[in-house]
Each structure stands twice: as C-alpha cells, then as structure tokens.
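Asker: Mapping of the sequence shown onto our numbering: residues 14 to 354, in sequence order. The structure's right below; bear with me while I get my questions together.
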Amino acid sequence: MNAAETRFQRVKGIEDSKELFYQETLKGGHNKNNPQLLRRFVENAPQAIEWLADRGIMLNDITTTGGMSIDRTHRPRDGSAVGGYLISGLVRNITKRGIDVLLDTSVEEILMRGDEVSGVRLINDEKEVIEVQTKSIVVATGGFSANSAMVVKYRPDLEGFVTTNHKGATGSGIALLERIGAGTVDMGEIQIHPTVEQQTSYLISESIRGGGAILVNQQGNRFFNEMETRDKVSAAIIALPEHYAYIVFDEHVRAKNKAADEYIAKGFVTSASSPRELAEKLGMDYHAFLATLECYNGAVEKQHDEQFGRTTALRAPINEGPFHAHSHRPRRAPHHGRRDH
C-alpha cells in the first residue's frame with residue numbers, strides 16, 4: 014500500500030514527499046491519470062495508513078515496488094502479502110463492531126426514487142429477495158478481469174490471458190451502475206502483472222523484486238530493469254522467445270519476505286544449495302548464470318547498475334544460500350477503469 018510522508022517513513026529515516034509520489038504515479042500512468050483524483054489519493058494516503066493503524070492493522074515495514082524511486086510501499090512487519098493481512102484485519106474490526114455482512118448474497122438492482130438512490134434489491138443463495146432502503150450506497154465490487162468476454166471487448170489483445178483476480182471480478186457492479194445511467198471511463202486500462210505462477214495464476218508479489226531479487230531468461234541472463242513499471246516489465250518478458258522468465262533470489266531476500274515462504278510451501282519455487290545446482294535444475298547454462306550473479310552483485314556493491322539502469326532495491330548481493338527461483342509469465346491483474354462521475 015503506497016503512501017508518502019508517513020510516520021513510518023519518518024521513523025525509518027526515509028525522506029519522501031507527496032509531490033514526488035504524485036509525479037512518479039503520473040509518469041507510471043503515462044499521464045492518463047485523472048489529476049484531481051490522483052492528487053486526492055496522494056494527499057490522503059498517509060491518513061489511510063493511520064486509519065488502519067488505529068484499528069490494529071499495522072503497515073510499518075516499507076519497501077520499493079515498480080516505478081518508484083524510494084521506499085514507499087507499506088506492508089506488514091513480517092513482509093507477508095498485504096491483501097490477506099488487510100482483509101483479515103478488517104474482518105476482525107467488522108466482527109468487533111457488530112456490522113452485518115450478508116454472504117452468498119447478490120445485488121440484483123440498485124433502487125431509485127427519481128434521480129436519487131433509495132436502496133438495493135438483493136437475492137441470497139436460497140433465492141430469497143431482500144430489499145434494503147438507504148440514502149446512499151458504495152459500489153466496491155472490483156473490475157471485470159475475471160470476465161474474459163468483457164476483457165476481450167475492451168482489449169482484444171489480451172485474449173487468452175488468464176487472470177490473477179478472484180472469480181467474482183466479473184464487472185457485475187459496473188453493469189448495475191450502467192443500468193441507472195452511470196458512464197464509464199478508461200475501460201481498456203487493464204494491468205498486466207509480470208510475475209504470475211503459470212499453472213495456478215497465483216500472483217507473485219512485487220515485493221520480492223523490491224527486496225532485491227532479479228529476473229533472468231532461460232539463458233541465465235538479466236534482460237531488463239526489474240524495478241520498472243509493471244507494463245514495461247511485462248512487455249519485456251513477453252518479448253523473450255520463451256515468453257517467460259525466472260525471478261531469482263537468495264536466503265537473504267526470503268528471510269525478509271514472508272510471502273516467499275508461502276510460494277515455497279505451495280511448490281512454486283525451485284531451490285538449491287548453490288548457483289550451479291540451481292542453474293542445472295532450471296536447465297540453464299551455469300557459466301552464464303554465474304556471470305549474471307557476479308555482475309549484479311558488483312552493481313549492488315557499487316550501487317550502480319550499468320546494464321539496465323536499476324536504481325532502486327539494490328539491497329544486498331545474491332550470495333546467501335539456499336538459492337531460489339520461480340518461473341512466471343505475465344497475466345491479467347486489476348482492471349483500472351471506473352465509473353465516471
């Protein structure tokens with residue numbers, strides 16, 4: 014979760030600014046961002062971090078992810094994946110406060126009285142129809158990346174790509190809003206995430222690269238700046254003859270990223286006691302792979318990556334066994350279209 018000028022950054026001595034956050038996000042979005050929404054997001058991000066902290070959901074470990082020049086991505090202290098941590102914490106708070114949650118229940122219709130929302134019509138898994146009267150509603154159903162037909166409608170070039178989204182991201186909320194006259198913008202802005210497990214579509218967190226991992230091709234060579242924005246890293250992987258890459262990291266990176274333990278436990282990761290053994294297991298040339306590690310470790314020592322211009326997350330040399338690698342290729346991630354106001 015990204016935020017600038019937070020108290021957790023100050024505690025760690027990280028000098029950041031909201032203006033830098035704004036400019037780097039604008040650049041990462043190829044200037045397609047809505048400037049007013051982006052400014053509001055940037056200005057209020059620290060308060061969101063504090064709001065969570067006040068409810069016992071601490072994001073006080075900070076790392077770097079793609080497209081930023083400084084540690085700005087807030088995550089749990091143990092380096093675990095932020096999504097599940099947030100949901101677990103929010104569910105605890107909902108339960109504590111006695112807020113009603115209707116599971117296995119779908120919104121069939123947004124009810125209107127003239128030009129104003131008056132409630133919603135629901136149907137549960139027992140086919141019971143429920144009407145809830147309210148003065149306002151928040152539609153937070155996500156995008157439509159799990160709806161292949163809808164994806165291809167707006168982005169024909171993504172036909173055949175699987176998604177990392179949950180199965181409920183079908184665009185149903187968007188359809189509900191369109192039926193009451195809402196417009197949409199940026200419907201083709203569907204993000205491609207570069208590091209996804211091929212068989213299960215399980216997303217491999219960007220924090221692994223932010224912790225100091227590298228990407229190599231089947232020949233054992235680095236081929237791009239791992240800390241570029243997701244669209245650029247994805248394009249670089251797709252351009253490889255094999256259309257996949259390996260994320261390579263060592264025990265130092267694993268120890269600081271609890272998410273890596275999850276990937277290892279799920280069997281996604283190939284591990285070895287030495288670079289030679291890892292190269293042999295991956296079917297790549299050992300000499301090329303060793304040269305890649307030596308070159309990258311030299312860049313870490315000098316804090317200067319002459320090959321690909323990586324300027325962030327040059328944290329430590331990759332030299333502490335065991336060594337780990339995971340094969341991945343780009344997949345559909347979040348959809349960034351939205352309702353137009």
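Every residue gets a Cβ at the ideal spot worked out from N, C-alpha and C, and that includes glycine.
1) Could you pull the start and end residues of the alpha helix (DSSP H) that residue 62 belongs to?
2) In angstroms with no decimal places, state the Cα-to-Cα distance between residue 30 and residue 56.
3) Would residue 355 be called buried (16 or more neighbouring beta carbons within 10 Å of its own) or exposed?
4) Since residue 146 sits in a beta bridge, which residues does DSSP pair it with?
5) Which residue marks the beginning of the beta strand (DSSP E) containing residue 74, and which one marks its end?
6) With distances taken from CA atoms, which of 68, 129, 77 is nearest residue 105?
7) As a quick exercise: from 41, 122, 98, 208, pick the residue whose alpha carbon is nearest that of residue 344.
8) Taking all protein chains shown into account, decide if residue 182 is buried (16 or more other Cβ within 10 angstroms of its Cβ) or exposed.
9) Please report the distance separating the alpha-carbon of residue 61 from that of residue 280.
10) Determine the direct distance from the alpha carbon of residue 312 to that of residue 229, and round the result to whole angstroms.
11) Under 7 Å Cβ to Cβ from residue 157, same chain only, skipping five residues before and after it: list those, please.
12) From what residue to what residue does the beta strand (DSSP E) around residue 105 run?
13) Are the beta-carbon atoms belonging to residue 299 and residue 307 less than 9 Å from one another?
14) Helix, strand or coil for residue 83? Go by DSSP, reduced to three states.
15) Return yes when the Cβ of residue 241 is within less than 9 Å of the Cβ of residue 252, no when it is not.
16) Report the rounded CA-to-CA distance for residue 20 versus residue 289, giving the unit in angstroms.
17) Closest to residue 147 by CA distance: which of 134, 232, 333 is it?
18) Give me, in chain order, the residues of the same chain whose beta-carbon lies closer than 6 Å to that of residue 89; leave out the 5 immediate sequence neighbours on both sides.
19) Restricting to runs no shorter than 4 residues, where is the alpha helix (DSSP H) found entirely within the region 178–264?
20) Is residue 286 close to chain B, meaning its C-beta is less than 9 Å from at least one C-beta of that chain?
21) Using DSSP with H/G/I as helix, E/B as strand and the rest coil, what is residue 288?
22) Quick one, which of 304, 282, 145 has its alpha-carbon nearest residue 331's?
23) Output the distance between the C-alpha atoms of residue 27 and residue 125, rounded to the nearest integer angstrom.
24) For residue 232, which residues of its own chain have a beta-carbon under 8 Å away from its beta-carbon, when the five flanking residues on both sides are left out?
25) Taking the beta carbon of residue 247 as the centre, do at least 16 other beta carbons fall within 10 Å, making it buried, or is it exposed?
26) Using 9 Å as the threshold, is the C-beta distance between residue 273 and residue 262 below it?
27) For residue 326 and residue 225, which I take to be in contact (beta-carbon distance under 8 Å), what is that distance rounded to the nearest angstrom?
28) From what residue to what residue does the beta strand (DSSP E) around residue 126 run?
29) Can you look up residue 15 in the DSSP assignment and give me helix, strand or coil?
30) For residue 176, which option in 154, 199, 153, 205 has the closest C-alpha, if you only look at C-alpha atoms?
31) By the three-class DSSP mapping on this structure, what secondary structure does residue 310 have?
32) Please return the same chain residues whose Cβ sits closer than 7 Å to the Cβ of residue 286, not counting the five positions on each side in sequence.
33) Starting from the Cα of residue 265, find the closest Cα among 223, 295, 257, 136 and give me that residue.
Answerer: Walking through what the data contain:
1) It spans 48–67 - the alpha helix (DSSP H) in which residue 62 sits, taken as one unbroken run.
2) Cα to Cα, the separation comes out at about 10 Å.
3) Residue 355 lies beyond the residue range present for the chain, which begins at 14 and ends at 354; the question has no answer from this structure.
4) Answer is 132, bridged to residue 146.
5) 74–76 is the extent of the beta strand (DSSP E) around residue 74.
6) Residue 68 is the option with its Cα nearest to residue 105.
7) For residue 344, the closest alpha carbon among the candidates 41, 122, 98, 208 is that of 208.
8) That one is buried.
9) Each residue's alpha carbon lies about 35 Å from the other.
10) Between residue 229 and residue 312, the C-alpha separation is close to 16 Å.
11) Its chain contains 163, 164, 182, 183, 184, 187, 348 as the residues whose beta carbon lies nearer than 7 Å to that of residue 157, once the 5 sequence neighbours on both sides are disregarded; these appear in chain order.
12) Note, residue 105: premise wrong, no beta strand (DSSP E); alpha helix (DSSP H) at 95–110.
13) At least 9 Å separates the beta-carbon of residue 299 from that of residue 307.
14) Three-state result, residue 83: coil.
15) Cβ distance not < 9 Å, so residue 252 and residue 241 don't count as in contact.
16) Answer to the nearest angstrom: the Cα atoms are 43 Å apart.
17) Measuring from the Cα of residue 147, the nearest candidate turns out to be 134.
18) Residues of the same chain with a CB within less than 6 Å of the CB of residue 89, apart from the 5 flanking positions on each side, are 98 in chain order.
19) Annotation: the region 178–264 contains the following complete segments of the alpha helix (DSSP H) (minimum length 4 residues), in chain order: 185–192, 220–223, 243–251.
20) Judged by its chain identifiers, the structure shown contains no chain B, having just a single protein chain.
21) Three-state result, residue 288: helix.
22) Among 304, 282, 145, the Cα nearest to that of residue 331 is on 304.
23) Going from the Cα of residue 27 to the Cα of residue 125 covers about 49 Å.
24) So the qualifying residues of the chain are 297, 298, 301.
25) The residue in question, residue 247, is buried, as its Cβ has 16 or more Cβ neighbours within 10 Å.
26) A distance below 9 Å separates the beta carbons of residue 273 and residue 262.
27) About 6 Å; that satisfies the 8 Å criterion.
28) Residues 118–126.
29) Looking at residue 15 - three-state DSSP - the assignment turns out to be strand.
30) Looking at the Cα atoms, 205 is the closest of the given residues.
31) Helix.
32) 334, 335, listed in sequence order.
33) Comparing Cα-Cα distances from residue 265 to each of 223, 295, 257, 136, the minimum goes to 223.
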